[in-house]
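Chemist:
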Amino acid sequence: MSTGSAPRVVLVGRPNVGKSTLFNAWVGEKWSIVSPRAQTTRGATLAPARSGERDVLLVDTPGWAPVRAKSLLHRRMQHVLGEELAVADAVVLVADGLRWTEVEDELAARLAGGSVPWGVALARVDRVRPRARLLPALEACAARTPLARFLVPLSVLAGENLDRLTEAVAAVLPEGAGRSSPASAPLDDTRLAGEIVREKLFEALHEEVPYGLHVVPEARREEDGKLVLGLAILVGRASHKAIVIGHGGSMLRKVGTAARRELVRRWGRPVHLDLWVRVAPAWDEDTRLVADAVAERRPEDPA
Ligand SMILES: Nc1nc2c(ncn2[C@@H]2O[C@H](COP(=O)(O)OP(=O)(O)O)[C@@H](O)[C@H]2O)c(=O)[nH]1
Ligand SMILES: [Mg+2]
230 MSTGSAPRVV
240 LVGRPNVGKS
250 TLFNAWVGEK
260 WSIVSPRAQT
270 TRGATLAPAR
280 SGERDVLLVD
290 TPGWAPVRAK
300 SLLHRRMQHV
310 LGEELAVADA
320 VVLVADGLRW
330 TEVEDELAAR
340 LAGGSVPWGV
350 ALARVDRVRP
360 RARLLPALEA
370 CAARTPLARF
380 LVPLSVLAGE
390 NLDRLTEAVA
400 AVLPEGAGRS
410 SPASAPLDDT
420 RLAGEIVREK
430 LFEALHEEVP
440 YGLHVVPEAR
450 REEDGKLVLG
460 LAILVGRASH
470 KAIVIGHGGS
480 MLRKVGTAAR
490 RELVRRWGRP
500 VHLDLWVRVA
510 PAWDEDTRLV
520 ADAVAERRPE
530 DPA
């Protein structure tokens with residue numbers, strides 16, 4: 230499928246409302262990592278998908294929050310949204326079914342002021358209980374977004390309404406090709422492995438440690454039919470290095486095993502991960518590393 234000029238459908242929303250989960254389900258493959266923590270997604274991830282009868286390029290973005298950015302990483306993450314909106318052909322504002330906040334109001338106002346068609350996906354509605362609360366929530370949302378072209382209650386985990394959402398998006402897409410897209414970096418197998426390792430670290434670690442992490446792919450080789458990937462885990466502080474390694478290396482082993490299992494299942498071939506932890510104070514102020522962390526990523530199938 231050629232998606233070079235397919236229209237871009239951009240998912241936006243507050244952190245932790247289910248954007249990446251929706252992205253993966255819609256694309257049909259996990260390209261964007263998911264965690265119960267905010268700020269897991271750092272740069273835009275793109276993948277070809279179907280919207281009704283149309284081929285589209287679906288775009289996952291980092292969660293948006295109007296907070297003062299503390300580091301270069303955060304400032305750049307906040308820019309990603311504007312950059313993606315500037316080249317969007319349609320936008321889905323993903324909001325949580327349980328809670329509409331002033332952040333959704335701000336995003337809706339921004340979309341209403343633009344010229345790109347947009348609508349709302351009220352996500353994770355399986356958590357709305359009792360179910361009778363859903364209708365008032367939808368009505369309240371509709372009242373706050375009069376310019377939205379669609380409003381779809383959605384539960385990806387319960388398998389509810391994903392088709393309805395993709396059809397609703399297809400109905401508002403402009404005819405013809407999409408806008409020209411900015412250059413994107415490939416999400417190759419080593420980088421995907423890095424993202425999966427980061428996901429497992431986000432799951433396993435507590436408090437502020439995961440937010441200060443970055444995973445850098447450093448080596449890739451084939452050895453007796455095995456794919457050997459070397460990844461450096463950067464941490465901001467020496468105390469975090471000890472936590473990531475764990476007692477006798479237990480944490481690093483646990484994370485490495487979980488990541489390796491997922492990659493073996495995905496690629497159907499033996500994988501070995503070499504993980505090491507490096508203290509890199511202020512990596513989140515380093516221009517090159519930050520540019521890499523927020524770069525737009527487009528999947529590339531492993532060889
Ligand atoms: N109950 C429920 N949880 C969901 C659903 N979609 C996502 N989640 C969970 O919500 C959390 C945040 O999801 P994620 O996709 O990473 O959100 P993002 O930060 O907006 O990209 C994760 O723990 C997901 O498993 C859903 O349809 N139902
Ligand atoms: Mg995400």
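All you need for my numbering is the position in the sequence shown, starting with 1, plus 229. Ideal placement from N, C-alpha and C gives every residue a C-beta, glycine not left out.
1. Would the C-beta of T269 count as close to ligand 2, meaning under 6 Å from any of its heavy atoms?
2. If we call anything under 7 Å between Cβ atoms a contact, is R527 one with S344?
3. Counting Cβ pairs closer than 8 Å, one from the region 435-454 and one from the region 483-495, do we hit at least three?
4. When you compare the CB positions of V309 and P291, do they come within less than 7 Å of one another, or not?
5. Could you name each continuous beta strand (DSSP E) segment of 3 residues or more that falls completely within the region 284-357, going from the start of the chain to the end?
6. Along the chain, where does the beta strand (DSSP E) containing V482 start, and where does it finish?
7. Take G497 as the anchor and find which of L456, S468, W347 has the nearest alpha-carbon.
8. Residue range of the beta strand (DSSP E) that W255 falls in?
9. Distance, Cα to Cα, L416 vs R466?
10. When burial is assigned at 16 or more other CB atoms within 10 Å of the CB, is T516 buried or exposed?
11. Mapping DSSP to helix, strand and coil, what is D417?
12. Would you say the region 385-394 touches the region 249-260, given that touching needs at least three Cβ pairs under 8 Å?
13. Mapping the DSSP letters down to three states, classify I262 as helix, strand or coil.
14. Indicate the three-state DSSP secondary structure (helix, strand or coil) for S468 in the structure shown.
15. Determine the DSSP secondary structure at T222, reduced to helix, strand or coil.
16. Can you tell me the Cβ-Cβ gap for L460 and L502, rounded? I've got them flagged as a contact below 8 Å.
17. Can the beta-carbon of C370 be found closer than 7 Å to that of L340?
18. In whole angstroms, what separates the C-alpha of V246 from that of Q307?
19. Would you say the beta carbon of R358 comes nearer than 6 Å to a heavy atom of ligand 1?
20. Beta carbon of A319, beta carbon of E333: below 7 Å?
21. Of all the CB atoms in chain C, is at least one closer than 7 Å to the CB of A487?
22. Under the criterion of a Cβ to heavy atom distance below 6 Å, does N245 qualify as lining ligand 1?
23. Cβ of D355 versus every heavy atom of ligand 1: is any distance shorter than 6 Å?
24. Would W505 be called buried (16 or more neighbouring beta carbons within 10 Å of its own) or exposed?
25. If we ignore side chains and look at the alpha-carbon of each, how far apart do H469 and S479 end up?
26. How big is the Cα-Cα spacing for I262 and R362?
27. Measuring only from the beta carbon, is P439 closer than 6 Å to any heavy atom that is part of ligand 1?
28. In the DSSP output, what is I462 paired with across the bridge?
29. I'd like the span of the beta strand (DSSP E) that includes L380, first residue to last.
Modeler: Per the coordinate set shown:
1. Counting from 1 along the sequence shown, the entry for residue 269 is found at position 40. Because some heavy atom of ligand 2 lies under 6 Å away, the Cβ of T269 counts as near it: yes.
2. For this step, residue 527 is matched to residue 298 along the sequence shown. For this step, residue 344 is matched to residue 115 along the sequence shown. Cβ atoms of R527 and S344: not closer than 7 Å.
3. no
4. To locate residue 309, count along the sequence shown from 1; it is residue 80. To locate residue 291, count along the sequence shown from 1; it is residue 62. Yes, the Cβ-Cβ distance between V309 and P291 is below 7 Å.
5. 319-325, 347-352
6. Counted from its first residue, the sequence shown places residue 482 at position 253. Here residue 482 is Arg; the residue named in the question, Val, does not match the sequence. Segment 479-496 is the alpha helix (DSSP H) holding R482; no beta strand (DSSP E) there.
7. Against the sequence shown, residue 497 aligns to sequence position 268. Nearest option by C-alpha distance: L456.
8. For this step, residue 255 is matched to residue 26 along the sequence shown. No beta strand (DSSP E) holds W255; the alpha helix (DSSP H) holding it covers 248-256.
9. Position 187 of the sequence shown, counted from the first residue, corresponds to residue 416. Position 237 of the sequence shown, counted from the first residue, corresponds to residue 466. Distance from the CA of L416 to the CA of R466, rounded to the nearest whole angstrom, comes to 28 Å.
10. Counting from 1 along the sequence shown, the entry for residue 516 is found at position 287. It is exposed - the Cβ of T516 has fewer than 16 other Cβ atoms within 10 Å.
11. Within the sequence shown, the letter at position 188 stands for residue 417. D417 falls in the coil class under three-state DSSP.
12. yes
13. Numbered from its first residue, the sequence shown carries residue 262 at position 33. Correct three-state label for I262: coil.
14. Numbered from 1 along the sequence shown, position 239 holds the residue referred to as residue 468. Helix.
15. As shown, the chain starts at 230 and ends at 532. That puts residue 222 outside it, with no answer to give.
16. Here residue 460 corresponds to residue number 231 of the sequence shown, with the count starting at 1. Here residue 502 corresponds to residue number 273 of the sequence shown, with the count starting at 1. Yes, L460 and L502 are in contact; Cβ-Cβ is about 7 Å, under 8 Å.
17. Mapped onto the sequence shown, residue 370 falls at position 141. Mapped onto the sequence shown, residue 340 falls at position 111. Contact flag unset, no.
18. By 1-based counting over the sequence shown, the position of residue 246 is 17. By 1-based counting over the sequence shown, the position of residue 307 is 78. The straight-line gap from Cα to Cα measures roughly 17 Å.
19. To locate residue 358, count along the sequence shown from 1; it is residue 129. Not so, every heavy atom of ligand 1 lies at least 6 Å from the Cβ.
20. By one-based count along the sequence shown, residue 319 stands at place 90. By one-based count along the sequence shown, residue 333 stands at place 104. Against a cut-off of 7 Å, the Cβ pair of E333 and A319 comes out as no contact.
21. Absent from the structure: chain C. Only one protein chain is present.
22. Translated into the one-based positions of the sequence shown, residue 245 becomes position 16. Yes, the Cβ of N245 comes within 6 Å of a heavy atom of ligand 1.
23. By 1-based counting over the sequence shown, the position of residue 355 is 126. Correct: D355 has its Cβ closer than 6 Å to ligand 1.
24. Sequence index remark: in the sequence shown, residue 505 carries index 276 (1-based). Per the 10 Å Cβ criterion, exposed.
25. In the sequence shown, counting from the first residue as 1, residue 469 sits at position 240. In the sequence shown, counting from the first residue as 1, residue 479 sits at position 250. Distance between the alpha carbons of H469 and S479 is about 14 Å.
26. Taking the first residue of the sequence shown as 1, we reach residue 262 at position 33. Taking the first residue of the sequence shown as 1, we reach residue 362 at position 133. Computed Cα separation, rounded: 30 Å.
27. The residue you call residue 439 lines up with position 210 of the sequence shown. No, Cβ of P439 sits at least 6 Å from all heavy atoms of ligand 1.
28. As a working note, residue 462 is residue 233 in the sequence shown. Its beta-bridge partners are V444, V506.
29. For this step, residue 380 is matched to residue 151 along the sequence shown. Run containing L380: 380-382, per the beta strand (DSSP E) assignment.
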